[in-house]
Amino acid sequence: MTGQPASHESLPDGLTGLTVRGVEIIDALADLYGELHVVQVEAVGERLHAPARTVADAWAQRRETYRQWLEAGGFVVAAEGGDDIAAFAIVGITSGYAGWDVGAALGEVKDFVVGRAWRRRGVGRALLGVVASELADRGIAHWRLNVVVGNDDAVAFYRREGFDLTAVTLTGPPRTVMQRSPPGRTEARGSDG
Ligand SMILES: CC(C)(COP(=O)(O)OP(=O)(O)OC[C@H]1O[C@@H](n2cnc3c(N)ncnc32)[C@H](O)[C@@H]1OP(=O)(O)O)[C@@H](O)C(=O)NCCC(=O)NCCS
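Pasting the structure below:
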């Protein structure tokens with residue numbers, strides 16, 4: 353169903369539909385990814401003990417990762433309004449768990465963002481519904497996602513949509529590391545450097 357309208361029920365006026373897309377849409381996701389990056393950086397604060405990248409630098413990295421996920425069988429669900437993308441979810445396909453029988457494959461919502469102007473109007477709910485349908489069409493019943501700590505709005509949204517908390521990520525304090533530069537010399541880099 354790639355590229356075909358998946359649903360336009362219950363979308364606010366101005367949005368023409370939700371479509372399942374692939375790598376061809378990546379460049380149109382840059383601005384919305386930027387909005388997500390800003391939300392995540394603000395939510396995490398100092399906890400990662402590392403400087404946040406600029407939106408442009410973050411996108412340059414994320415864009416390549418998006419390409420890899422999509423080429424490995426993932427997909428994007430996009431909410432489209434005219435020439436613009438109002439919201440999107442990017443979903444990767446990963447192996448099922450060893451310890452629980454969820455089937456061979458698991459869906460993982462990697463990034464999910466509704467543009468500021470479209471929030472609290474049911475777009476996120478509709479988008480998530482199409483993600484679930486697309487996974488089901490591919491024989492995948494189970495799915496998961498991560499939310500950075502501090503993004504309480506997103507947690508409230510996912511809980512409202514039926515998600516349960518099943519894992520916690522802890523980030524250790526950064527350690528001083530030795531990095532080679534140039535060949536033959538080493539240089540201390542890290543929290544005190
Ligand atoms: C989180 C986000 C995806 C929600 O999308 P949305 O389109 O605004 O959500 P919906 O309008 O479909 O809301 C569905 C339900 O979720 C809940 N919800 C949504 N946003 C919420 C918020 N900010 N606070 C509390 N509950 C919220 C509501 O209960 C809502 O149902 P209701 O309107 O009937 O009460 C959107 O706010 C967003 O993109 N935020 C910035 C990026 C982000 O944090 N992405 C998630 C990264 S993991």
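Residue numbers (my numbering): 353 to 545. By construction, the Cβ of each residue, glycine as well, lies at the ideal position given by its N, Cα and C atoms.
Limits of the alpha helix (DSSP H) - the one that residue i falls within
i	result
G386	A382 to V396
V507	D504 to R512
Spatial neighbours of residue i in its chain, beta-carbon cut-off 8 Å, leaving aside the 5 residues before and after
i	result
L479	L370, V429, A431, A439, F440, A441, F464 and V466
T523	R399, L400 and H401
Q356	Since pLDDT at Q356 reaches only 49, below the 50 mark, its modelled position is unreliable, and the value read off the structure follows with that caveat. T371 and V372.
E387	V465, G467 and R468
W411	A382, Y385, G386 and H389
G448	V454, G455, A456, A457, L458 and H494
Sequence-distant residues of the same chain with beta carbon closer than 7 Å to residue i, five excluded per side
i	result
A404	V393
R511	none
A380	I437
R473	P364
R419	V375 and I378
D435	none
R302	The structure shown does not extend to residue 302, since the chain is modelled only from 353 to 545, so the question has no answer here.
Any C-beta of chain B under 9 Å from that of residue i
i	result
L458	Among the protein chains of the structure shown there is no chain B, as only one such chain exists.
Same chain, Cβ closer than 6 Å to residue i, neighbours up to 5 away in sequence not counted
i	result
L422	G374 and V375
L367	A431, G433 and A438
D489	none
I507	Here the sequence assigns Val to residue 507, which means Ile is not the residue at that position. Answer for V507: V499, listed in chain order.
G444	W421, G426, E460 and K462
V407	G386 and H389
Element boundaries [beta strand (DSSP E), containing residue i]
i	result
R579	The question about residue 579 has no answer, for the chain in this structure spans 353 to 545.
V349	In this structure the chain extends from 353 to 545, so residue 349 is not present and cannot be described.
Buried versus exposed call for residue i [16 or more other C-beta atoms within 10 Å across all chains shown]
i	result
L487	buried
V475	buried
R477	exposed
T528	exposed
V520	exposed
G514	exposed
W452	exposed
G426	buried
A484	buried
Any non-hydrogen atom of ligand 3 within 8 Å of residue i CB
i	result
P525	No copy of ligand 3 occurs in the structure displayed; its ligands are ligand 1 alone.
- Item | Contained alpha helix (DSSP H) runs [length at least 4] in the stretch 417-502, N- to C-terminal order | 475-489
- Task: Just jot down, in chain order, the residues whose CB lies closer than 6 Å to any heavy atom of ligand 1.
- Result: L388, V391, F464, V465, V466, R471, R472, R473, G474, V475, G476, R477, V499, N503, D505, A506, A508, F509 and R512
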